[in-house]
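Read the structure below first, then the notes.
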Amino acid sequence: MDFNTKTGKVYLQPHKTGKKWKPVWLSLFPPSSSGVGRLEIQDLGGSGAGADHGTGVRRHRQPLGDRKLKVVRLSELISVLRLPPNAEACPLENMSAFCVETQDRTMVFAALKDDCVDWVEKLSHSTFQRGGDSGSNQLHMEENQIYASGDEASEFWVVVQRTDAATRSGLQGSYRLQVGREALLLRETQKRNIVGEWPYELLRRYGKDKLVLTIEAGRRCESGPGTFTFETQQAEKIFSLIQTTIKQKTSSVALGNQSQE
């Protein structure tokens, strides 16, 4: 059996707000000669958090065959991320959340803290680190994601940190940050509604650390003035994309002015 094979009970975040987390049986099967790498998600029925949680050993009844089963190929995954503490309200206090993202969907799971770490490590290894150098494979995928055409290619999973400006705007928790042509757009993770917008020409400053992206909004922004901080593993890539977008925008304006002279 592959070391990275893993099964266990976790909780899936519902798409609709106000709904309880759904208990599911999650199974990870790395690529092998007997089948494609995949993540199987089987509905366990019921709702709410129970006392029994699998950590790779089946301590409770195996999921029934007639339960709904979803299959996600590992080749479809573009990111696997353990979310920061308090990013999501998990079913139990001793749980942490992790995010699995494909081009067309985002799934957030909750598991016991130690189990959450194990899920992320095994998912990341099975998806991004097989058949070559792990770092270069994952980096190649992420850069293709950034520079591909289409709006979704410039969206990133972020967690809004508490600042005066964020509190005033009612922003907290997880969102998708889109680097648009004219502005930075903050979208809800599920409904994708825009909850924040910062035109580039109205940004006073922007910067990044290894895991943090920071912007300082000007007075004319809809959010009002202030600092917004986003925690993300792709801070450097988002920063570079913002830089490139602003430079292209500035060059276009300069060329337009020259043509009018």
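Last residue of the sequence shown? That's 736 in the working numbering, and every number before it is there in order. Every residue, glycine too, gets a C-beta built ideally from N, C-alpha and C.
Alpha carbon of residue i to alpha carbon of residue j, nearest angstrom
i: Trp632; j: Trp496; result: 20 Å
i: Glu657; j: Pro700; result: 18 Å
i: Pro692; j: Leu659; result: For clarity, residue 692 is Ala in the given sequence; the question names Pro instead. Computed Cα separation, rounded: 11 Å.
i: Lys722; j: Glu676; result: 12 Å
i: Glu663; j: Val670; result: 7 Å
i: Leu716; j: Phe584; result: 29 Å
i: Gln647; j: Ser508; result: 44 Å
i: Phe603; j: Val592; result: 16 Å
i: Arg580; j: Pro559; result: 20 Å
i: Val634; j: Pro506; result: 31 Å
Residue i, DSSP secondary structure in three states
i: Gln488; result: coil
i: Trp496; result: coil
i: Ser599; result: helix
i: Glu576; result: strand
i: Asp608; result: Because the pLDDT at Asp608 is just 38, under 50, the model does not fix this residue reliably, and the point stays unresolved.
i: Ala641; result: helix
i: Asp590; result: helix
i: Gln718; result: helix
Burial state of residue i (16 or more Cβ within 10 Å)
i: Phe573; result: buried
i: Asp590; result: buried
i: Val546; result: exposed
i: Glu563; result: buried
i: Arg637; result: exposed
i: Gln517; result: buried
i: Ser601; result: buried
Nearest residue (CA-CA) to residue i, options the options
i: Glu672; options: Ala564, Leu686, Gly648 and Gly655; result: Gly655
i: Phe478; options: Ile721, Leu661, Trp594 and Thr725; result: Trp594
i: Gln578; options: Arg694, Ser554 and Phe714; result: Ser554
i: Leu686; options: Arg667, Arg695 and Gln709; result: Gln709
i: Leu567; options: Leu544, Ser508, Gln718 and Leu487; result: Leu487
i: Gly801; options: Leu501, His490, Thr704 and Ser726; result: Residue 801 is absent from the model: the chain starts at 476 and stops at 736.
i: Glu681; options: Glu711, Arg667 and Lys666; result: With the sequence shown as reference, residue 681 is identified as Tyr, and Glu is not the correct amino acid for it. Ranking the options by Cα distance to Tyr681, first place goes to Glu711.
i: His490; options: Lys666, Gln718 and Lys683; result: Lys666
i: Ser571; options: Arg643, Val485 and Gly512; result: Val485
i: Thr689; options: Ser599, Leu678, Leu549 and Cys565; result: Leu678
i: Phe504; options: Ser550, Leu652 and Arg580; result: Ser550
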